[in-house]
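Let me begin by presenting the structure, written as structure tokens, before commenting on it.
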Amino acid sequence: MIKDGFLWVLRLLVGGLFIFSGLIKVNDPVGTSIKLEEYFDVFSNDIAGFFAVFEPFALEIGVFLVVLEVALGVMLILGVKSKYTVWALGLMILFFTFLTFYSAYFNKVTDCGCFGDAIKLTPWESFYKDIILLVLITILFIFQADLPKSSAKWANVTVLVVVVSSLILSILAIRNLPFIDFRAYKVGVNIPKAMEPSAPLLYSYVMKKDGQTVVMDQYPSDESYEFVEMNLKNPESLPKISDFAVWNENGDYSSEMFAGNKVVILVSSMPKMDDSNLEEIDELVQSLNGSPLEVVFVAAATEEEITTLIKERGWGITGLQADATVVKTIIRSNPGIMVLKDGEVLGKYHHNNTPSAEEVIDLYVK
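Each residue of the sequence shown is one higher than the last, beginning at 1 in full-length UniProt numbering.
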């Protein structure tokens with residue numbers, strides 16, 4: 001009886017964590033694919049070149065993995081095909097543990113994306129989390145003969161509904177934008193304010209003198225102390241945004257982006273840019289020409305590529321460069337649209353939902 005209760009708690013804990021992790025990533029499968037691309041790129045350079053083959057399919061692989069996470073979590077809790085479920089969970093956690101260890105030990109991918117952008121873990125925190133899960137799943141594996149083996153029709157139907165629902169939600173999030181935006185550039189954020197510390201940053205100084213190591217809150221004036229390292233005491237006060245920058249051949253344009261009303265067309269990759277809705281974007285740009293709203297084009301591309309596209313589309317707007325990672329963080333659409341007022345994000349749009357000029361102007365009068 002005690003063993004059954006313990007295994008039930010274990011199933012609930014492990015299954016619940018997989019469901020939680022999977023649902024967060026179902027909300028943003030594009031973010032998961034970006035993280036997988038990072039891993040495949042690192043592995044192709046460090047381990048074997050064949051990993052590069054998987055990069056073009058990162059989105060499809062990401063969707064499969066996140067839906068599988070949710071499905072296996074539900075199956076474990078309901079006791080559906082327990083033996084196969086535990087085996088699948090074991091293989092999956094071994095895969096994740098390898099990824100997180102590699103990230104932590106070699107400092108390659110600094111955020112595993114285990115819980116998307118909702119909960120940020122350091123590489124070592126992610127690895128320790130996976131080790132704990134590995135131990136728990138090992139216990140389930142040892143006692144798999146004692147796990148329930150539900151063959152009830154309602155349980156199988158529930159799993160099927162969960163799989164289909166998760167797949168549909170993933171596709172909707174890909175074709176639009178994440179249902180919940182956990183990133184630093186979500187609607188309502190004032191970007192220049194988010195680039196400032198929330199409180200004065202406090203540091204401690206590790207010094208050495210006469211073979212003794214001491215920690216001080218202020219840097220000593222005594223020159224006999226040898227500096228060892230400096231540590232931040234309140235990392236929670238660090239700026240939420242630290243990498244925003246846009247520029248062109250005339251110099252940095254970042255501060256100008258936060259002045260007045262801006263409609264920003266964003267492209268994270270010119271070769272991968274979806275051109276299916278460029279006509280709608282053309283119409284938006286032309287409709288806003290001459291209005292109090294300035295349209296700006298920002299792309300992770302060369303000056304020549306940016307100038308060429310603007311000229312081809314007849315936009316007649318300012319073109320700026322940016323880092324691809326920053327653009328991908330701002331919006332999960334290529335191209336995408338962000339509306340700013342004095343640096344505050346008023347709205348973000350997937351190119352499939354390109355707004356009309358009237359919709360954009362309405363954001364400013366709300």
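Ideal placement from N, C-alpha and C gives every residue a C-beta, glycine not left out.
Quick caveat, the model's predicted, so the values are computed rather than measured.
- Apart from the 5 residues on each side of it in sequence, Pro-29 sits with its Cβ closer than 8 angstroms to the Cβ of Leu-59, Gly-62, Val-63, Val-66, Ser-170, Ala-173 and Ile-174 in its chain, given in chain order.
- Pro-335 sits buried, since 16 or more C-beta atoms from the chains shown fall within 10 Å of its C-beta.
- A straight-line Cα-Cα distance of about 40 angstroms links Phe-297 and Phe-127.
- Take Ile-180, set aside five residues on each side of it, and the residues of its chain with a beta-carbon closer than 7 angstroms to its own are Asn-27, in chain order.
- In this structure, Leu-232 keeps its C-beta atom at 8 angstroms or more from the C-beta atom of Tyr-205.
- Following the DSSP letters along the chain, one finds Glu-294 inside the beta strand (DSSP E) bounded by residues 294 to 299.
- Within the same chain, Met-270 and Ala-299 come within 8 angstroms of Glu-305 by CB-CB distance, once the 5 residues on both sides are set aside.
- Between Gly-343 and Phe-227, the gap from beta carbon to beta carbon reaches 8 angstroms or more.
- Taking C-beta atoms as the reference points, Gly-347 and Val-187 count as a pair closer than 8 angstroms.
- In terms of CA proximity to Val-285, Ile-317 leads the group Ile-317, Lys-341 and Ser-268.
- Put simply, of Thr-302, Ile-310 and Asn-248 the residue whose alpha carbon is nearest the alpha carbon of Leu-278 is Ile-310.
- If you draw a 10 Å sphere on the C-beta of Leu-94, you find fewer than 16 other C-beta atoms in it, and that means exposed.
- Ser-150 sits in a strand when the DSSP states are folded into three classes.
- In the DSSP assignment, Tyr-364 falls within the unbroken alpha helix (DSSP H) covering 357 to 365.
- The C-beta of Phe-98 has fewer than 16 other C-beta atoms within 10 Å across all chains shown, which makes the residue exposed.
- Per DSSP, Ser-126 is one residue of the alpha helix (DSSP H) stretching across 123 to 142.
- Separation of the CB atoms of Tyr-253 and Leu-340 is rounded to 13 angstroms, and the pair is thereby denied contact status at 8 angstroms.
- Here Val-215 is actually not in contact with Lys-108; their C-beta atoms are around 31 angstroms apart, not less than 8 angstroms.
- By the neighbour-count criterion, in which 16 or more other beta carbons inside 10 Å mark a residue as buried, Met-75 falls on the buried side.
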